[in-house]
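Chains as they are written, first to last, in the numbering used here: chain A, 23 to 232; chain B, 2 to 613.
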């Protein structure tokens, strides 16, 4: 997985591995991506003119008298959030085991990380389906559009992270992540932490603040 | 078959020979070749954008002209702007980033050679995608800024906007991948002793450009995603009747768009800051001030976007802030201009073609910069908005600035890139035709604009006093085009000649001139150790005169990255995904899924391929 023209003398001018610096750079860039999406959500969550009001958080009665019950499920999403946060810890433990050359520990903690990630994505799939059944789609109102686009792109990032970590889990299973190659996992872990941190912002902004 | 060819090529490279043939270009990961690919592709797009401009000028040459229909006119001005910004100036700068940065910092390649190839292929495919719209009779027609809600499904039902939005999204991926790569390259791949404050100024300005790319492109990515959801999936982000806000587009677009204009100009600043010292035979005046003014310009770039939006009526507080912040940019820019003058002042000036272009750059950029400060004042801006005065302003910075700077770079580095000197007499003919043609084309636009001629309108009636200047502009535009014909002739003529350029034809100061022209695949047989800002000048001073011509050496024992076609496969997957999105109402999700599968296939093979 290395890709460097520096073979032969691996030291870099900053002392930081190329790939590590690159993933930090990419994460910096991604901050602006999510900042823009979150801004879009904040701008639009209450500016609806068509469709039902912002009923995910509280009940809303249309001028025609139709009542929309609140549909947001804070306990479920809180569980998903907690597991995602724990997965950040698990991936750190996986990395520590990889660096020590403990393959079993690596497989265990990385597997737990993966389970948390898969649960989170599953939770989001359930939530999206549930919302659509209750009548909140992309088209319903501006809340729907900005909610699905924001959480959907975050979910896509989680999914990419799951695929990435799963690939590494297979590699670890085949014994191809010795301590010398633990950087491969460290880079994926940095991405995973970032995706978690973004959710730490999205969760209160979308679910807790009315 | 493909694999066999690749194996042969690897064996070839191991034996120390330059690989040749089409396949070697398709699989190349050599930053110099990728630079040449960027340059050739971008120059082709530049000529296309130029032809579009000429068609526009023919239409505007006489009043009430019917040469172009209003619809075609809209398509041409949109594609002219989009092409020149995203397919010409940015990738022409990228050509120099690719070819020059690793040489200037004493590296053998960029940090991620295959990612670099990927950037190029995505750029090429994005450019082709955008221009394929012509074949479908559906070229983008809503301006390069694509203001909402003109771009909504309601007002633009055809494929025009779809081509534009997905094309730009593709090009954004190329820019971001390249920015991550060059940011890492500059920080990590510097030769021993090449401290940050010893880096050549072109590398510095390019580095700042990468930061701008990294922070500005995600914002337009989101703006385009929202537009895509509005158009394809029925959201209402930019639809005012549903509570959406078309101004949101303008904000997001210009938060990207203003840094973008510095993305277009900073590389030219860097090139000119290399050329002026070499041909004035003096070190750059105020190196540190040049670096920090560049950083300051980039910082301010993110705080001035709404000066593009004074006409939307943001209110006095926002207007005042954005006006003051905008005028603040004149300070670091002024620092740069005085430093360029200070560099030339008292120098022993060598009147070579690159110097001509660099000096003209300073003069032309001052004109464009001054009219920019004029727009910075909201009362003046309200008079100038949507008139030809604005067109005059941004052509003075984009053409008078960026293109003059890039031309200086082309003449300056041509011998290094191709081992051939361009003809000086033809170069100067190119220069004079370009300088005169440029000023006669664009200066009158100031006057027309102040007299009220609106931009983006396909014709004008007789008797408003617009006729003479418009005719002059049209004739001059052909003069400008002729200057590039001279450039092309110069390339063809000298291409037939021998590869006779010495390693250091200009008596220059930086590392790229210490190695043979053109450089060998591995650039530096030995990684240099740097002791100062102008390493080659210092070496020549110590040596007491010109250095002997560096010998071509065998590359045996120098480990270079293997060629790879996976970047191309991955880029094709990405383009297929974009095409699938475009056809979502015909193919359902299957086009996207197929493209995604190719993308994933490419990524995995890339990741597990031995990179060498």
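Heads up, the beta-carbon is just placed ideally off N, CA and C, and yes, glycines get one too.
Whether residue i touches residue j by CB criterion (8 angstroms)
i                      : j                      : result
residue 258 of chain B : residue 400 of chain B : no
residue 11 of chain A  : residue 160 of chain A : With chain A covering 23 to 232 only, the question about residue 11 of chain A has no answer from this structure.
residue 190 of chain A : residue 111 of chain A : no
residue 98 of chain B  : residue 207 of chain B : yes
residue 264 of chain B : residue 210 of chain B : yes
residue 78 of chain A  : residue 150 of chain A : no
residue 176 of chain B : residue 160 of chain B : no
residue 59 of chain A  : residue 172 of chain A : yes
residue 272 of chain B : residue 406 of chain B : yes
residue 216 of chain A : residue 52 of chain A  : yes
residue 403 of chain B : residue 526 of chain B : no
residue 367 of chain B : residue 338 of chain B : yes
residue 185 of chain A : residue 193 of chain A : no
residue 248 of chain B : residue 223 of chain B : no
residue 83 of chain A  : residue 244 of chain B : no
residue 104 of chain A : residue 201 of chain A : no
residue 212 of chain B : residue 299 of chain B : yes
residue 106 of chain A : residue 187 of chain A : no
Given residue i as reference, the closest of the options once Cα atoms are compared
i                      : options                       : result
residue 142 of chain A : A/127, A/171, A/86 and A/182  : A/182
residue 522 of chain B : B/61, B/28, B/33 and B/25     : B/33
residue 579 of chain B : B/364, B/142, B/23 and B/166  : B/166
residue 486 of chain B : B/409, B/48, B/267 and B/372  : B/48
residue 214 of chain B : B/455, B/357, B/174 and B/305 : B/174
residue 45 of chain A  : A/228, A/227, A/226 and A/211 : A/211
residue 433 of chain B : B/484, B/448 and B/402        : B/484
residue 435 of chain B : B/22, B/300, B/477 and B/195  : B/477
residue 397 of chain B : B/417, B/446 and B/421        : B/446
residue 157 of chain A : A/188, A/93 and A/177         : A/93
residue 113 of chain A : A/197, A/47, A/214 and A/226  : A/214
residue 549 of chain B : B/557, B/23 and B/515         : B/515
residue 180 of chain B : A/197, A/50 and A/152         : A/50
residue 230 of chain A : A/219, A/130 and A/80         : A/80
residue 420 of chain B : B/132, B/520 and B/142        : B/520
residue 503 of chain B : B/488, B/497 and B/517        : B/517
residue 280 of chain B : B/455, B/610 and B/345        : B/345
residue 38 of chain A  : A/177, A/209, A/232 and A/130 : A/209
residue 168 of chain B : B/88, B/495, B/482 and B/250  : B/88
Three-way DSSP call (helix, strand, coil) for residue i in this model
i                      : result
residue 26 of chain A  : Bear in mind that the predicted position of residue 26 of chain A carries a pLDDT of just 43, short of 50, making it unreliable; the figure below should be weighed with that in mind. Three-state DSSP puts residue 26 of chain A in coil, outside helix and strand.
residue 83 of chain A  : strand
residue 388 of chain B : strand
residue 221 of chain A : helix
residue 90 of chain A  : strand
residue 200 of chain A : coil
residue 536 of chain B : helix
residue 455 of chain B : strand
residue 71 of chain B  : helix
residue 568 of chain B : helix
residue 273 of chain B : helix
residue 173 of chain A : helix
residue 163 of chain B : helix
residue 590 of chain B : coil
residue 341 of chain B : helix
CB-CB length for residue i against residue j, believed under 8 angstroms
i                      : j                      : result
residue 513 of chain B : residue 104 of chain B : 4 angstroms
residue 318 of chain B : residue 203 of chain B : Not a contact, Cβ separation roughly 40 angstroms.
residue 63 of chain A  : residue 204 of chain A : The pair is not a contact, with the Cβ atoms about 37 angstroms apart (cut-off 8 angstroms).
residue 108 of chain B : residue 198 of chain B : Not confirmed; about 18 angstroms, so no contact.
Check: residue i C-beta below 7 angstroms from any heavy atom of the ligand ADP
i                      : result
residue 106 of chain B : With respect to small molecules bound, the structure shown includes none, and the ligand ADP cannot be examined in it.
Touching by the beta-carbon criterion (3+ pairs, under 8 angstroms), the segment 183-195 of chain B and the segment 110-118 of chain B: yes
Between the segment 78-98 of chain B and the segment 52-66 of chain B, do at least 3 Cβ pairs fall closer than 8 angstroms? yes
Could you check whether the segment 591-605 of chain B touches the segment 558-574 of chain B, counting it as contact only if at least three pairs of C-beta atoms, one from each stretch, sit closer than 8 angstroms? yes
State whether the segment 468-476 of chain B contacts the segment 59-70 of chain B, with contact taken as three or more CB pairs (one from each stretch) at a distance under 8 angstroms. yes
Which of the residues in the segment 49-66 of chain A, read from start to end, lie with their CB under 9 angstroms from any CB of chain E? In the structure shown, chain E cannot be found, because the protein chains are A and B.
If contact is defined by three or more beta carbon pairs under 8 angstroms, each pair taking one atom from either stretch, is the segment 323-343 of chain B in contact with the segment 371-379 of chain B? yes
The segment 348-355 of chain B in contact with the segment 402-419 of chain B per 3-pair CB rule at 8 angstroms: yes
Three Cβ pairs or more, each shorter than 8 angstroms: is that satisfied between the segment 231-241 of chain B and the segment 284-294 of chain B? no
Are there three or more Cβ pairs, one per stretch, closer than 8 angstroms when the segment 417-428 of chain B is compared with the segment 361-375 of chain B? no
Segment contact, 8 angstroms Cβ cut-off, at least three pairs: the segment 23-37 of chain B with the segment 550-566 of chain B: yes
Count the CB pairs spanning the segment 244-262 of chain B and the segment 329-341 of chain B that are closer than 8 angstroms, and state whether there are at least three. no
Specify whether the segment 530-545 of chain B and the segment 123-137 of chain B touch according to this definition: at least 3 beta carbon pairs, one from each stretch, less than 8 angstroms apart. no
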